[in-house]
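Engineer: Protein chains in written order, with this note's numbering: chain A, 1 to 161; chain B, 1 to 332; chain C, 1 to 194.
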Amino acid sequence: MKKLFWLSILALIIASLFTSIVLAQQPVPTPSDDEVNHIAHQLYCPVCANTPLDVCPTDACRQWRDLIRQQLAQGWTEDQIKQYFVQQYGVRVLAEPPQTGFNWLIYILPPVIILAGAFVLFRALRMWTKPVPVSAAPGSNQDALKDEYVARLEEELKKRY
Amino acid sequence: MLSREALFLLNNLLFISILVVCFWGVVFPLVSQLFTGQTVTVGPPFYQAATAPLFAVLMLLMGVAPLSAWGHSSLKTLGRAIWKSAVAALIITVILFFTYTNNPIALVGFFLVALVLLVTLQEFGRATFARVRAQNENIFVAFWRLVGRDRRRYGGYVIHISMMLMAVGILGINLFQVQTQGTVSTNNSLSLSGYTVKYDSVAQFPGPDGQQVTRAIVSVYQGKNYLGDLYPRIDYYPTEQQNMTIPGQRSTLKDDLYIILVDWQPAAANGATFKIFVNPLVNWLWIGAIIFLFGIIIAAWPDREVERIPAQMRSIHQADKQTDSRQASAAD
Amino acid sequence: MIDSNPITTRNHRGAPPPIWAQIIIWVALLGLLAVVYFELNRSQQGQIGPGDQVSNFSMPLFSGYELNGQSQIQLSDFRGKVVMVNFWASWCKPCEQEAPDLEQAWQFYKDDGRVVFIGADYVDTEPEARAYLAKFGITFANGPDMGTRASQLFRIKGVPETYFIDQQGVLQYAQIGPFSSVDEIKSIINPMLK
Numbered sequence: 001m002k003k004l005f006w007l008s009i010l011a012l013i014i015a016s017l018f019t020s021i022v023l024a025q026q027p028v029p030t031p032s033d034d035e036v037n038h039i040a041h042q043l044y045c046p047v048c049a050n051t052p053l054d055v056c057p058t059d060a061c062r063q064w065r066d067l068i069r070q071q072l073a074q075g076w077t078e079d080q081i082k083q084y085f086v087q088q089y090g091v092r093v094l095a096e097p098p099q100t101g102f103n104w105l106i107y108i109l110p111p112v113i114i115l116a117g118a119f120v121l122f123r124a125l126r127m128w129t130k131p132v133p134v135s136a137a138p139g140s141n142q143d144a145l146k147d148e149y150v151a152r153l154e155e156e157l158k159k160r161y
Numbered sequence: 001m002l003s004r005e006a007l008f009l010l011n012n013l014l015f016i017s018i019l020v021v022c023f024w025g026v027v028f029p030l031v032s033q034l035f036t037g038q039t040v041t042v043g044p045p046f047y048q049a050a051t052a053p054l055f056a057v058l059m060l061l062m063g064v065a066p067l068s069a070w071g072h073s074s075l076k077t078l079g080r081a082i083w084k085s086a087v088a089a090l091i092i093t094v095i096l097f098f099t100y101t102n103n104p105i106a107l108v109g110f111f112l113v114a115l116v117l118l119v120t121l122q123e124f125g126r127a128t129f130a131r132v133r134a135q136n137e138n139i140f141v142a143f144w145r146l147v148g149r150d151r152r153r154y155g156g157y158v159i160h161i162s163m164m165l166m167a168v169g170i171l172g173i174n175l176f177q178v179q180t181q182g183t184v185s186t187n188n189s190l191s192l193s194g195y196t197v198k199y200d201s202v203a204q205f206p207g208p209d210g211q212q213v214t215r216a217i218v219s220v221y222q223g224k225n226y227l228g229d230l231y232p233r234i235d236y237y238p239t240e241q242q243n244m245t246i247p248g249q250r251s252t253l254k255d256d257l258y259i260i261l262v263d264w265q266p267a268a269a270n271g272a273t274f275k276i277f278v279n280p281l282v283n284w285l286w287i288g289a290i291i292f293l294f295g296i297i298i299a300a301w302p303d304r305e306v307e308r309i310p311a312q313m314r315s316i317h318q319a320d321k322q323t324d325s326r327q328a329s330a331a332d
Numbered sequence: 001m002i003d004s005n006p007i008t009t010r011n012h013r014g015a016p017p018p019i020w021a022q023i024i025i026w027v028a029l030l031g032l033l034a035v036v037y038f039e040l041n042r043s044q045q046g047q048i049g050p051g052d053q054v055s056n057f058s059m060p061l062f063s064g065y066e067l068n069g070q071s072q073i074q075l076s077d078f079r080g081k082v083v084m085v086n087f088w089a090s091w092c093k094p095c096e097q098e099a100p101d102l103e104q105a106w107q108f109y110k111d112d113g114r115v116v117f118i119g120a121d122y123v124d125t126e127p128e129a130r131a132y133l134a135k136f137g138i139t140f141a142n143g144p145d146m147g148t149r150a151s152q153l154f155r156i157k158g159v160p161e162t163y164f165i166d167q168q169g170v171l172q173y174a175q176i177g178p179f180s181s182v183d184e185i186k187s188i189i190n191p192m193l194k
């Protein structure tokens, strides 16, 4: 499941790389709002934290969008534009931290914790299922369990009263 | 390994994992700021990529778990119980692939939705028909009594169904939402997925709360059909120096249409900028939510019959009563 | 079967996790709590206030707005001078209100030699910033603070904010919001020159 997911992500990344290369070849004389928003959607202006640039109503963000429009008109690629903003304003403009240095922690830690949890669960389940013999006939198994239950119940009751 | 207890624990693990992912995403900017001095943004792509597989497994569990037995279930018993539903869900997915979408994530999602719905309905159906045959009841009576007999279980199934409908809505928002933005002059229009939005006029007037209202009137067409007018507006609050954008909205079972007035400058009165969203499938989210409430009511409606007290507790009660009466007699 | 479950599971439960694992988990949790505490504390702090030593920082300057021909400045270069750091942005309407006053004040002090004015352009786009500087005829040193390094140092909450640092590098006054007149600016700087 997970592998399939990552494979599809990889495929998406490759596909988007190709499309951006193809799109980048021709400078757009008058970039449409949609083209601007497509890039703006992936950027975050520090003035309104956590609001994507394409929907942020402040003047600061409007200026950023105008800048993207100018850069598109000059034939810049999506990656170039993003790089420009990162260089100017820092990595906080990106929707996700780049996968470098300390930032690896954000990508590594959740899978590690989840896998650790899965391991603990797996171990617990194995210990849990081992003592129950499954080979016995279904009827007698049921009876055995019931008897065990009654016996335990009696035992607990005796302990208390 | 596949008993219902095991699946419950796996279910808990998945919920905790989603919690871990979200918590870490929220806390990481703080950690990063403290250790590197660098501010980072953790936005939707992180949460989507990290939680989508977890939610997918959760959905799969919703499909499998009702078929599993307490104590022990094997791959074989589960497979025997699920294969019909799985094949049917696969056929539905293939049909959707040819008629609706070829987005792989959407197809995986729709497959899981179909699987869970089919399994759940099959559970309802099998039990109902068993009653019809055994008790010789009318099908509706059988269904009613079935649910009444174990409301926790069947309320839970209703909640599963509601979850799947909500999942359809969420898939729709994330994968099939389309939007466009453009600046148009009066009597010109923008088009998006079958809708045509014509810009008629704009007016500015003071609002009731001291705000300055800029309200546009647009007429919405589907093909040639006139559907009605919408009034997207921007309210400007001078004291706070803040804008509030109120979209024009049209909701149908098929999809939602939102129109936002992005910009209108009195100086350049020749045009206004609109942003238009079409959200297909989003209403399944609301339908699912209503069914969810319904499921909770079924499951949590207080019982009229006497609560079944576990044996252990009952004996405590009796013991208490005995000591009480003894004390009472001693007092006499 | 169902009822028996809680009791039968009890005797199959595995051993508790090893002590080192428990320690790691608790230390990690406490560490996270500490991080959250420190950061919340920091964000509650507000701007730096009078009497605080301003730590050294460096900043690039826009071409055309250099200081004595230098395109990169350091706060420590100005020991012995009064430094005014003004945070502004071209998208900020109240900044426009004070811009002419700031320039007028600079004209008053620039030949004195004991005062340095620095404009820090907070999260802005360069073309608009240049248009703004030209529009108000600004001549004092100005540079971009796009990465918000300087603004984070002063922990500014918005623009405009103006900070006055004395000859020893100690903050003397913080103006939150725009100035309303040239005299207001002078009344802050003059006592610092004595």
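Don't be surprised by glycine CBs; every beta carbon is placed ideally from N, CA and C.
All values reported here derive from a predicted model rather than from experimental measurement.
With a CB to CB cut of under 6 Å and the five nearest residues on each side skipped, what residues in its chain are close to residue 99 of chain C?
Structural biologist: Numbered from its first residue, the third sequence carries residue 99 of chain C at position 99. Once the five neighbours on either side are set aside, the close Cβ partners of residue 99 of chain C are 136.
Engineer: Would residue 77 of chain A pass as an interface residue toward chain C - the criterion being a Cβ-Cβ separation below 8 Å?
Structural biologist: Within the first sequence, the letter at position 77 stands for residue 77 of chain A. It does not: the Cβ of residue 77 of chain A has no partner Cβ on chain C nearer than 8 Å.
Engineer: Would residue 170 of chain C and residue 104 of chain C be called neighbours here (beta carbons separated by less than 8 Å)?
Structural biologist: The residue labelled residue 170 of chain C in the question sits at position 170 within the third sequence. The residue labelled residue 104 of chain C in the question sits at position 104 within the third sequence. No, Cβ-Cβ distance for residue 170 of chain C and residue 104 of chain C is not below 8 Å.
Engineer: Am I right that residue 264 of chain B and residue 216 of chain B are in contact with their C-beta atoms under 8 Å? What's the rounded C-beta distance?
Structural biologist: Here residue 264 of chain B is taken as the residue at index 264 of the second sequence, counted from 1. Here residue 216 of chain B is taken as the residue at index 216 of the second sequence, counted from 1. 7 Å between Cβ atoms; contact.
Engineer: So who's on the other strand from residue 276 of chain B, going by DSSP bridges?
Structural biologist: Position 276 of the second sequence holds residue 276 of chain B. In the DSSP output, where bridge partners are listed per residue, residue 276 of chain B has B:180, B:259.
Engineer: In chain C, which residues lie less than 8 Å from residue 90 of chain A when you measure between Cβ atoms?
Structural biologist: In the first sequence, residue 90 of chain A corresponds to position 90, counting from 1. The contacting residues are 146, 147, 148.
Engineer: Near residue 109 of chain C, what residues of its chain come up, given a Cβ to Cβ distance below 8 Å and the 5 sequence neighbours on each side ignored?
Structural biologist: Here residue 109 of chain C corresponds to residue number 109 of the third sequence, with the count starting at 1. Same-chain partners within the cutoff: 115, 117, 189.
Engineer: Do residue 90 of chain B and residue 346 of chain B count as a contact pair if the criterion is CB distance below 8 Å?
Structural biologist: The shown model of chain B, from 1 to 332, leaves out residue 346 of chain B, and the question about it has no answer.
Engineer: Answer with yes or no whether the minimum CB distance from residue 38 of chain C to chain B is below 8 Å.
Structural biologist: The sequence position of residue 38 of chain C within the third sequence is 38, counting from 1. Taking Cβ atoms only, chain B reaches closer than 8 Å to residue 38 of chain C, which makes this a yes.
Engineer: Which same chain residues end up closer than 6 Å to residue 164 of chain B when comparing Cβ atoms and leaving out the 5 residues on each side of it in sequence?
Structural biologist: The sequence position of residue 164 of chain B within the second sequence is 164, counting from 1. Closer than 6 Å at Cβ, skipping near neighbours: 113, 116, 117.
Engineer: Strictly under 8 Å for the Cβ-Cβ distance: is residue 121 of chain A near chain B by that measure?
Structural biologist: Here residue 121 of chain A is taken as the residue at index 121 of the first sequence, counted from 1. Chain B, which has a Cβ nearer than 8 Å to the Cβ of residue 121 of chain A, makes this yes.
Engineer: Using a Cβ-Cβ cutoff of 7 Å, what residues of the stretch 21–44 of chain B are near chain C? List them in chain order.
Structural biologist: Listed by position, the residues of the stretch 21–44 of chain B near chain C (Cβ gap below 7 Å) are 27, 30, 31, 33, 34.
Engineer: Could you give the DSSP three-state label for residue 87 of chain C: helix, strand or coil?
Structural biologist: For the purposes of this step, residue 87 of chain C is taken as residue 87 along the third sequence, with counting starting at 1. Residue 87 of chain C falls in the strand class under three-state DSSP.
Engineer: Tell me whether the beta-carbon of residue 122 of chain C lies closer than 8 Å to the beta-carbon of residue 174 of chain C.
Structural biologist: Looking up residue 122 of chain C in the third sequence gives position 122. Looking up residue 174 of chain C in the third sequence gives position 174. In this structure, residue 174 of chain C does not lie closer than 8 Å to residue 122 of chain C by Cβ.
Engineer: Below 7 Å between beta carbons is the criterion; list the residues of the stretch 26–51 of chain C that meet it against any residue of chain B, in chain order.
Structural biologist: Those residues of the stretch 26–51 of chain C that come within reach of chain B (Cβ to Cβ, closer than 7 Å) are 32, 35, 36, 38, 39.
Engineer: Report the partner residues of residue 139 of chain C according to the DSSP bridge assignment.
Structural biologist: Start at 1 with the first residue of the third sequence, and residue 139 of chain C comes out as number 139. Its beta-bridge partners do not exist; DSSP assigns none.
Engineer: Restricting to runs no shorter than 4 residues, where is the alpha helix (DSSP H) found entirely within the stretch 143–196 of chain B?
Structural biologist: DSSP runs (the alpha helix (DSSP H)) wholly in the stretch 143–196 of chain B: 151–171.
Engineer: Distance check for residue 190 of chain B and residue 219 of chain B, CA to CA, integer angstroms please.
Structural biologist: On the second sequence, residue 219 of chain B is found 219 positions in, with the first residue counted as 1. On the second sequence, residue 190 of chain B is found 190 positions in, with the first residue counted as 1. Answer to the nearest angstrom: the Cα atoms are 11 Å apart.
Engineer: Report yes if the C-beta distance between residue 41 of chain B and residue 94 of chain A is below 8 Å; otherwise report no.
Structural biologist: The count along the second sequence starts at 1 and reaches residue 41 of chain B at position 41. The count along the first sequence starts at 1 and reaches residue 94 of chain A at position 94. Their beta carbons are under 8 Å apart, which means residue 41 of chain B touches residue 94 of chain A by this criterion.
Engineer: Alpha carbon to alpha carbon, how far is residue 118 of chain A from residue 14 of chain B? Give it in angstroms, no decimals.
Structural biologist: Walking along the second sequence from the start, residue 14 of chain B turns up at place 14. Walking along the first sequence from the start, residue 118 of chain A turns up at place 118. C-alpha separation (whole angstroms): 9 Å.
Engineer: Can you find the residues in the same chain that come closer than 6 Å, C-beta to C-beta, to residue 142 of chain B, ignoring five residues on each side of it along the sequence?
Structural biologist: Start at 1 with the first residue of the second sequence, and residue 142 of chain B comes out as number 142. Cβ within range, chain order: 128, 131, 132.
Engineer: Among the residues of its own chain, which have a CB less than 7 Å from the CB of residue 139 of chain B, if the five just before and after it don't count?
Structural biologist: In the second sequence, the residue the question calls residue 139 of chain B occupies position 139. Taken in chain order, the residues that qualify are 128, 132.
Engineer: Counting beta carbon pairs with one atom in the stretch 275–285 of chain B and one in the stretch 158–178 of chain B, are three or more of them shorter than 8 Å?
Structural biologist: As far as the Cβ criterion goes, the stretch 158–178 of chain B touches the stretch 275–285 of chain B, which means the pair count is three or higher.
Engineer: Go ahead and pull the three-state DSSP assignment for residue 100 of chain A.
Structural biologist: Locating residue 100 of chain A in the first sequence gives position 100, counting from the first residue. Three-state result, residue 100 of chain A: coil.
Engineer: List the residues of chain A that residue 181 of chain B touches, going by C-beta distances under 9 Å, in chain order.
Structural biologist: To locate residue 181 of chain B, count along the second sequence from 1; it is residue 181. In chain order: 32, 33, 34, 36, 37, 54.
Engineer: Counting only beta-carbon atoms, is residue 10 of chain B nearer than 8 Å to chain A?
Structural biologist: Taking the second sequence and counting its residues from 1, one reaches residue 10 of chain B at position 10. Cβ-Cβ to chain A under 8 Å: yes for residue 10 of chain B.
Engineer: Taking 7 Å as the limit between beta carbons, can you name the residues of its chain near residue 161 of chain B, skipping five residues before and five after?
Structural biologist: In the second sequence, residue 161 of chain B corresponds to position 161, counting from 1. Closer than 7 Å at Cβ, skipping near neighbours: 117, 120, 291.
Engineer: Which term fits residue 53 of chain C, buried or exposed, when burial requires 16 or more other beta carbons within 10 angstroms of its beta carbon?
Structural biologist: Position 53 of the third sequence, counted from the first residue, corresponds to residue 53 of chain C. When all chains shown are included, residue 53 of chain C counts as exposed.
Engineer: Within its chain, find whatever has a CB closer than 6 Å to the CB of residue 244 of chain B; leave out the 5 residues flanking it on each side and keep chain order.
Structural biologist: Within the second sequence, numbered from 1, the residue matching residue 244 of chain B stands at position 244. Closer than 6 Å at the Cβ level, and outside the excluded window around residue 244 of chain B, lie 235.
Engineer: Residues of chain A with CB closer than 9 Å to the CB of residue 128 of chain C, please, in chain order.
Structural biologist: Your numbering for residue 128 of chain C matches position 128 in the third sequence. By Cβ distance, chain A contributes 63, 66, 67.
Engineer: What does residue 108 of chain A touch in chain B if you count any residue whose Cβ is under 9 Å from its own?
Structural biologist: Translated into the one-based positions of the first sequence, residue 108 of chain A becomes position 108. Going along chain B, no residue has its Cβ under 9 Å from residue 108 of chain A, so there is no contact; the nearest lies around 10 Å.
Engineer: Run through DSSP, which three-state label would residue 51 of chain A get?
Structural biologist: Counting from 1 along the first sequence, the entry for residue 51 of chain A is found at position 51. Looking at residue 51 of chain A - three-state DSSP - the assignment turns out to be coil, as it is neither helix nor strand.
Engineer: Considering only residues of the same chain and omitting the five flanking positions on each side of residue 179 of chain C, which have a CB-CB separation below 6 Å?
Structural biologist: Here residue 179 of chain C refers to the residue found at position 179 when the third sequence is read from its first residue. 98, 101, 185, listed in sequence order.
Engineer: Please list the residues of the stretch 62–89 of chain C that have a C-beta atom closer than 9 Å to any C-beta atom in chain A, keeping them in chain order.
Structural biologist: Within the stretch 62–89 of chain C, the residues whose Cβ lies closer than 9 Å to some Cβ of chain A are 89, listed in chain order.
Engineer: Pairs of beta-carbons, one from the stretch 57–66 of chain C and one from the stretch 136–152 of chain C, closer than 8 Å: are there three or more?
Structural biologist: Yes, they touch.
Engineer: Would you say residue 120 of chain B lies against chain A (beta-carbon separation less than 8 Å)?
Structural biologist: Taking the first residue of the second sequence as position 1, residue 120 of chain B is located at position 120. By this cut-off, residue 120 of chain B is not an interface position.
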